[in-house]
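Worksheet: one structure, shown below.
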Amino acid sequence: MFSDVLHVSWMSSDWLLGGFTALCSSTRGQHCAISTPLFTQPPGDVILTQGQTATLNCTFSTTSSNPDLFWYKQEVNSYPKFILRRSRYSADNSPEFVKDRFDAELKDSSVPLMIQDLHVCDSAVYYCALRPTSGSSILYNLKCV
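Residue 28 in the UniProt record's numbering sits at position 28 of the sequence shown, with consecutive numbering throughout.
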């Protein structure tokens with residue numbers, strides 16, 4: 001019997017959502033930006049199995065003193081769904097994405113998304129976006145292999 005394996009990797013895209021556009025089209029493990037803010041894309045892939053915890057990193061640089069960071073999930077043949085928003089003074093999760101499983105802590109220059117107790121249905125493209133923005137975002141592809 002085969003176990004379900006989840007595969008986390010970077011995905012190239014020119015994705016657009018409410019003014020957030022994909023930042024990197026093919027660069028891995030390097031800084032890349034269209035304009036500020038700057039996002040950093042980590043190198044390599046991560047292989048995970050059901051029940052494990054996934055940490056999707058989002059590192060950024062901005063001059064804003066109170067940035068809002070967002071995470072979205074987009075399943076195949078669907079639209080991006082809001083997961084959560086983090087800022088210095090507030091933290092909001094969509095009711096569909098309970099904080100027990102989907103959480104993120106806003107730090108000075110990062111907002112890693114932690115997904116606890118992975119399920120196959122967590123397979124999707126995950127987007128990190130920043131506001132205020134000049135048109136940049138970052139994305140992960142979390143999928144079953």
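Here a beta-carbon is modelled for each residue, glycine too, at the ideal position from N, C-alpha and C.
Computed from a prediction, not measured in an experiment: that's the story for all the values here.
Annotation for Lys-73: the continuous beta strand (DSSP E) segment containing it runs 68 to 74. Taking all protein chains in view, the Cβ of Pro-67 is crowded by 16 or more other Cβ atoms within 10 Å, so the residue is classified as buried. DSSP places Ser-61 inside the beta strand (DSSP E), whose first and last residues are 59 to 61. Taking 7 Å as the cut-off, the Cβ atoms of Leu-69 and Leu-130 count as close. Around Asp-103, the same chain offers Met-114 as residues with beta carbons nearer than 6 Å, after the five sequence neighbours per side are excluded. When the alpha-carbon of Arg-88 is set against those of Leu-118, Leu-48, Ser-110 and Val-125, the nearest one is in Ser-110. Taking a 10 Å sphere around the C-beta of Tyr-127, we find 16 or more other C-beta atoms and assign the residue as buried. Apart from sequence neighbours up to five positions away, the residues of its chain that approach Ser-94 with a beta-carbon distance below 8 Å are Lys-81, Phe-82, Ile-83 and Leu-84, ordered along the chain.
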